[in-house]
Structure formats: C-alpha cells, structure tokens
Amino acid sequence: MSAAAQRLPPKRRLSWRQVSTEAQLLLVGIPLLLWTMIPVYHLFLFAISPKDTATSGKLWPDHPTLQNFSIVFHEHHFYLNHFWLQMWNSLLIAVAVAVLTLFIATFAAFAISRLKLPGGRTVMNLALFTYFIPAAFLAVPMYKTMSVYGLLNSQWSLILAMVTIASPYCIWVLKQASDKLPWELDEAARIDGASPLQLFRLVYLPLMVPSLVAVGTYALLLAWNEYLYAFLLLSKDTDITLAVALCNFLSADDSPWELLMATGFIYALPPAAIYYAFKRYMVSGLTAGAVKS
Amino acid sequence: MASVSFHDVQKTFGKVAVIHGISFDIRDGEFVVLVGPSGCGKSTLLRMLAGLEEISGGEIAVDGKVVNDLESKDRDIAMVFQSYALYPHMTVGQNMAFSLKLRRADAKTTGERVANAARILNLDKLLERYPRELSGGQRQRVAMGRAIVRDPKVFLFDEPLSNLDAKLRVAMRAEIKALHQRLKTTTVYVTHDQIEAMTMADRIVVMHDGIVEQIGTPLELFDHPSNLLVAQYIGSPAMNVIGGRLRRHGSEPSVDAQGASWPLGALAGGSDGQAVRYGIRPGDMEIVAAGQGIAAKVIVVEPTGAETELILEVGGETLTLVLHGRTPVRPDDRIGLRIDGTKAHLFDEGTGARIA
Numbered sequence: 001m002s003a004a005a006q007r008l009p010p011k012r013r014l015s016w017r018q019v020s021t022e023a024q025l026l027l028v029g030i031p032l033l034l035w036t037m038i039p040v041y042h043l044f045l046f047a048i049s050p051k052d053t054a055t056s057g058k059l060w061p062d063h064p065t066l067q068n069f070s071i072v073f074h075e076h077h078f079y080l081n082h083f084w085l086q087m088w089n090s091l092l093i094a095v096a097v098a099v100l101t102l103f104i105a106t107f108a109a110f111a112i113s114r115l116k117l118p119g120g121r122t123v124m125n126l127a128l129f130t131y132f133i134p135a136a137f138l139a140v141p142m143y144k145t146m147s148v149y150g151l152l153n154s155q156w157s158l159i160l161a162m163v164t165i166a167s168p169y170c171i172w173v174l175k176q177a178s179d180k181l182p183w184e185l186d187e188a189a190r191i192d193g194a195s196p197l198q199l200f201r202l203v204y205l206p207l208m209v210p211s212l213v214a215v216g217t218y219a220l221l222l223a224w225n226e227y228l229y230a231f232l233l234l235s236k237d238t239d240i241t242l243a244v245a246l247c248n249f250l251s252a253d254d255s256p257w258e259l260l261m262a263t264g265f266i267y268a269l270p271p272a273a274i275y276y277a278f279k280r281y282m283v284s285g286l287t288a289g290a291v292k293s
Numbered sequence: 001m002a003s004v005s006f007h008d009v010q011k012t013f014g015k016v017a018v019i020h021g022i023s024f025d026i027r028d029g030e031f032v033v034l035v036g037p038s039g040c041g042k043s044t045l046l047r048m049l050a051g052l053e054e055i056s057g058g059e060i061a062v063d064g065k066v067v068n069d070l071e072s073k074d075r076d077i078a079m080v081f082q083s084y085a086l087y088p089h090m091t092v093g094q095n096m097a098f099s100l101k102l103r104r105a106d107a108k109t110t111g112e113r114v115a116n117a118a119r120i121l122n123l124d125k126l127l128e129r130y131p132r133e134l135s136g137g138q139r140q141r142v143a144m145g146r147a148i149v150r151d152p153k154v155f156l157f158d159e160p161l162s163n164l165d166a167k168l169r170v171a172m173r174a175e176i177k178a179l180h181q182r183l184k185t186t187t188v189y190v191t192h193d194q195i196e197a198m199t200m201a202d203r204i205v206v207m208h209d210g211i212v213e214q215i216g217t218p219l220e221l222f223d224h225p226s227n228l229l230v231a232q233y234i235g236s237p238a239m240n241v242i243g244g245r246l247r248r249h250g251s252e253p254s255v256d257a258q259g260a261s262w263p264l265g266a267l268a269g270g271s272d273g274q275a276v277r278y279g280i281r282p283g284d285m286e287i288v289a290a291g292q293g294i295a296a297k298v299i300v301v302e303p304t305g306a307e308t309e310l311i312l313e314v315g316g317e318t319l320t321l322v323l324h325g326r327t328p329v330r331p332d333d334r335i336g337l338r339i340d341g342t343k344a345h346l347f348d349e350g351t352g353a354r355i356a
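For the record, the sequence lines run as chains D and V.
So the first sequence is numbered by my numbering: it starts at 1 and just counts up by one.
So the second sequence is numbered by my numbering: it starts at 1 and just counts up by one.
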C-alpha cells in the first residue's frame, strides 16, 4: 500500500448502536408522518377531484382539476357567497386576539415576574387553575355573559372570549420565560436611571421577543382554529368566521364535499405558513416556559 | 467624587437580621474593599448603598446627604456586577451610552463620553460588537465602561472578578486599580478574595456575620489583626494558630504548646497560665538544624519556583511555612523551627481578641 493510500481517512462505519438508534427513530417517525399526512392527503385529493368522482375512493383522481379552487375564490356557490369576507373575519379576529392577548399577558408577566407585585402568586395560581376547566364547559356561561353585556352577534364577543381563554396560558408561559432573564439586568437598568416603563420598553421587551412571538402565534392559531365559541357567539353569515362557514356545508343532504375540502385546504394554509415562519421561536419560546425553574 | 458614611446601618429580611448596626466612613476618593466570607453581609451592605436593598435601620449618606429614601438613579452611583449584567441586545457602545440616553444627554456629549471611556479601557475597536461576541475580560471592561461614562460620585463593584480565570483576574485587578488612580473616584469594592482586598484597597473592612471585625489599611490588618478571625482571613497562606498556655515568668514571655515553648516579643496583657491561641505567619518562621529551636517534621514540600511552601507537623498541629527560594529538605525530614517572637500574635482562647 502506498503512503498516500495509508493516509486516506478510514471508511465511516456505523456502529450497531447508531444503526439501532436510527432504526428506532424511523420506527416512530414513519407511522407518525403517515398518521399526520394521510388526512391532509385526502383533503387535498378531494380538493382536486371533479364533483362526480370526488367520492370514488381512488388514490389519485383520473382528471385532477383546480376548478374547485376557482369556484371558492370566485365565490361561485351558495355556501361560498361570503368566502372572502369570512376569511377576513377569521383573520381579523385571530390578529385581534393575538394582539390583545400579547398586550395583557406581557404586562401581567412583567408586573408579576419583574416588579414582584403583591398578589402575583395568586394570579399565577389562578392562571394555572384555569387549565383544569375545559373551555367547552365555559361556552354556555360565556354566551350568557356576552348576552348580559349586549355583545352577542358582535365580533368583539368572540375576540374577548378567545382572549379570556388564551390569556392564562400566555401569562404563565411569559412569566416563566421572563423569570429566566437575569435579575441583575433590572438592577443595572435601575441604577442606570430607568423607570419601570423604560425598563419594560428598552430592556424587557427586546429580550422577550422569542417568547412573545411564540405566545402571539399560539393565541393567533387558537383563535383562527376556534369553532365552538365562534359558532355560539356569532350568527350572521357576514360576521362568522370561515371555520363556522365550513360547517354550514354539511347542513345540506348533498354536501359539496370537493368544495368543502378545497375551502378547508385553503383555510389550513395560513396557520401552516405562520407556524413554519416562526417555528424557531415556537420551539425555543414555548419550551422556555415549559418547566418551572 | 464623594465621601460615604454608614451610621448604625441595619438590615433584616423578615425576622432574620443580617447586618447588625454597622458604622464607618469612606473618605473622598478612597478605595475601600469590603471583604469577608460568604454570607457575612458585605454584598448586602453594598446593595443598600446602591439602593437595591431597603435600609432597615440607620443611615447611609453620600457626600453628607442621607440617601435612605432616594431611588438608585438619584444617588449618582454606578455599579459593576459580578455577572456583568450587560444588556444582551445592545452593542458595547449602546450599553455604555444607555444611562446617558435615559438622562436625555445630547448626542455629542454621549459620543464624547463613550469614546473617552472606550479609550481608557481599550474598547475602541469593540464598540459595534454585542456582549455575546466578547470574552469574559472584555465584558468586564464594558461593565466598567458603563460605570465610567456616568462619571458618578461613587463606583461600586460587587465581586467583579469572580467569573474570570486566575490569570485574567490578576490583570483586571491591576486595571481596576490603575483606573482608580486615574479617575480618583470613591470606590467601594466587595470581594471574598483577601488577595484582591490586600492588593487593591486603600482600606479594608473585614466583615463577619453582619458586623465589622476590623477596618484598616492592608498592612495594618496583616500586622495587627484585632482578632483571630481577621488574623486567619487576611494573608495567604493563612496564619498558623496553635492553642496553648501563656507563660509570663522568666526572662521572656512565651506560650507552652505541643510540648514546646513558643517565643513572644514584648507583652502587655495576659496573665500567667491563661489559655491562649498563638499565631505566627508562614513567612515569619525559619528552618534551622534538627535539635535547635522547635522540633518539627516535614510532611509536604511544595515548590512554587520563587517560594517553597512546607507543611510541617509539630506535636499534633499542622503548620505551614513559606520560605523564599528553594530548600533541600524532603518529606519526613526532621527539622528545627526558629521563630522571631516579635512577629508572633497572641489571642485569647475564648473570645479570640488580640492580646499582643
């Protein structure tokens, strides 16, 4: 063997341990992937199938078409008369919920975690307590409350209800995340001459950005995906969100499944896009508050 | 620049008192080091001066003005934290300019002051960097720069070198000292490292369990520790202390301990037969041939180059001896110890207070 050949790096060999770890990961990963993707695939399959073959059961349509999407976009169907308006409603409500929740949760977390306001612990315990009550339990009381305040059929009712549901979790996550910021930063800022509001604006907020993005995304998606409360609190076709509108498809005997699925597919895209855009923050931001430290 | 005075300052956390009425003054431009073991209250005292802890009792005054009820920002002090506490989302320049920005200083003044501080601390080329891109020593300098741009009345340092490695610590020690000599700003420096205290301080305040044990210049504390605690805390290696009985009769006073007679210099107090602790610094003993002086056995020889440290056994006691240069003695050798009695220290066995 020549000297040059001897200097070549040895072939990379996988040890049994590495092979077995890979195999285990694949064993878990492949079923998970299939489990997640198969419904999405069928959703997509329906969406690109012509009406007459939509329920044929084939794994790929004979004549795939984008006609369904065109009908949806042009609102060429009785159920889709307000598609764009309802899409806008969904977006408006989701963004409003995210903004309001962020506003409330950030100030609450700052006050409890950094200013150590008396009673903060109680608020945190109450926030934790809300986990024990499923949101569905509160649907009817919430309906009653909204009616007392005359908010029924106003989109504010849904926004306020969703903010109520999202806030405790968001306060909890943000408080945990802000507990991890070094306390000396606050002290340094105080000595440097910062008032609490300046501390909040100039030091706290910039350092909390990853958690804020995560929590904001959480609230946005929660509101975007909400069905029960949207169904209860809003009734006019021009007020409802797309989630409720989708369900209206099923009120007829011959539901246009292909249009329902095409609309559903479109409805699922923004959350997916948002999630992927902020994936980095979602992982770091939400796990930051996952463990009480 | 300003003087600082503590008058009967107390601190309690709930029912637990951690500082029990401390009083002392710091002169204008002085570099005072608060030193003591963990939990002695030195950091708490500094934080009370900074306005980060409430003062439970007594008064703290800066330049004659009581600051008890003033906010931190109104006390005109700057503090360097152990963890540096740099704002991670700001560049070095922004970190240093932050306090001026909050005071709405104009851009020209801010720029000049930051540039000046950066020049003093050799940070000119790092102004655009973020704290995460700096080494420990550089971060420490930025923290100091942030204090300098304020041009405060008092600098506070809370164990600023603890997070640095040994070599850098020595370098930064010199830098802080040089900075003080240049700016002559009154400085209060907290550390648990007595070498830092000895090398940097104009005066050292030794604290223990929330009280001041002794205040003095480094050499005063080294030469005349007022009690056992100070004696053993100041100086490295620590002073050797041996329990024994005082003998005042005969030509010279001495202490009987471990079957030997330990010489003392002139002695004012103490009574014959009194139980005492005899203290001698590792550098104040000499090796002589076996059979002369106090008989000792060599346990360990630790050469450090310029000095050699010996661990010796005398009776049941272990002593440390430091000699300049090198020595031919080996472990298990029998040697004699000669002690200059005038260098010895004597403390009461019960109270630990200095007798001579």
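The C-beta atom is built at its ideal place from N, Cα and C for all residues, glycine as well.
Are the CB atoms of residue j and residue i within a distance shorter than 8 Å?
i, j, result
"V:P152", "V:I77", "yes"
"V:A257", "V:I242", "yes"
"D:Y229", "D:M282", "no"
"D:L242", "D:S90", "yes"
"V:V322", "V:P237", "yes"
"V:L86", "V:P131", "yes"
"V:E159", "V:Q82", "yes"
"V:L229", "V:G352", "yes"
"V:V298", "V:I339", "no"
"V:N95", "V:R169", "no"
"V:L161", "V:R173", "yes"
"V:Y233", "V:V33", "no"
"V:R330", "V:T308", "no"
"V:V314", "V:Y278", "no"
"D:L199", "D:D186", "yes"
"V:G341", "V:E252", "yes"
"V:D4", "V:V212", "Per the sequence shown, the amino acid found at residue 4 of chain V is Val instead of Asp. No, they are not a contact pair."
"D:T217", "D:I133", "no"
Would you grab the beta carbon distance between residue i and residue j for me? Rounded to a whole angstrom, and I think it's under 8 Å.
i, j, result
"V:I195", "V:V205", "With 8 Å as the limit, V:I195 and V:V205 do not qualify as a contact, their Cβ atoms being about 16 Å apart."
"V:G36", "V:H192", "7 Å"
"D:A127", "D:I171", "5 Å"
"V:G265", "V:A344", "7 Å"
"D:F83", "D:V72", "6 Å"
"V:P282", "V:T320", "4 Å"
"V:G269", "V:A356", "6 Å"
"D:A47", "D:A262", "4 Å"
"D:D237", "D:N153", "Incorrect: roughly 12 Å between the Cβ atoms, too far for contact."
"V:T217", "V:G29", "Wrong, their Cβ atoms sit about 15 Å apart, outside the cutoff."
"D:A214", "D:V97", "Not quite, the Cβ-Cβ distance comes to about 15 Å (not below 8 Å), so this is no contact."
Chain V partners of residue i, CB-CB under 7 Å?
i, result
"D:V295", "Nothing can be reported for residue 295 of chain D, as the shown portion of chain D is limited to 1 through 293."
"D:A109", "By Cβ distance, chain V contributes nothing, its closest Cβ being about 18 Å from D:A109, past 7 Å."
"D:A194", "L102"
From the DSSP output, read off the bridge partner residues of residue i.
i, result
"V:V62", "V:V4 and V:K65"
"V:N227", "V:A353"
"V:L337", "V:I287 and V:I294"
"V:N240", "V:I280"
"V:I215", "V:V205"
"V:K11", "V:I19"
"D:F69", "According to DSSP, D:F69 bridges with nothing at all."
"V:G57", "V:Q10"
Quick one: which chain D residues come within Cβ less than 7 Å of residue i?
i, result
"V:A107", "Within chain D, no residue comes near V:A107; the closest Cβ sits about 17 Å away, beyond 7 Å."
"V:A78", "I191"
If the cut is a Cβ gap below 8 Å, which residues of chain D does residue i touch?
i, result
"V:I52", "In the sequence as presented, Ile is not what sits at residue 52 of chain V; that position holds Leu. Here the neighbours are E187, R190 and I191."
"V:F81", "E184, E187 and A188"
Between residue i and chain C, is any beta-carbon pair separated by less than 8 Å?
i, result
"V:M48", "Of the protein chains in the structure, D and V, none is chain C."
Taking Cβ-Cβ distances shorter than 9 Å, what residues in chain V pair up with residue i?
i, result
"D:Q198", "L102"
By the criterion of Cβ-Cβ separation under 8 Å, what are the contact partners of residue i in chain V?
i, result
"D:A94", "Chain V residues near D:A94: none, gap ~28 Å exceeds 8 Å."
- Message: Short of 7 Å Cβ to Cβ, which residues in the region 171 to 189 of chain D face chain V?
- Response: Identification of residues in the region 171 to 189 of chain D having a C-beta nearer than 7 Å to some C-beta of chain V yields P182, E184, L185, E187 and A188, given in sequence order.
- What are the residues of the region 245 to 259 of chain V that lie near chain D, defined by any Cβ-Cβ distance shorter than 9 Å? none
- Interface positions of the region 56 to 76 of chain V facing chain D (Cβ-Cβ less than 8 Å), listed along the chain: E71, S72 and K73
- Within 8 Å of chain D by C-beta, residues of the region 90 to 107 of chain V in sequence order: F98, S99, L102 and R103
- Compile a chain-ordered list of the residues in the region 244 to 258 of chain D whose CB is closer than 7 Å to at least one CB of chain V. none
- What residues in the region 203 to 228 of chain D bring their beta carbon closer than 7 Å to a beta carbon of chain V? V203, P206 and L207
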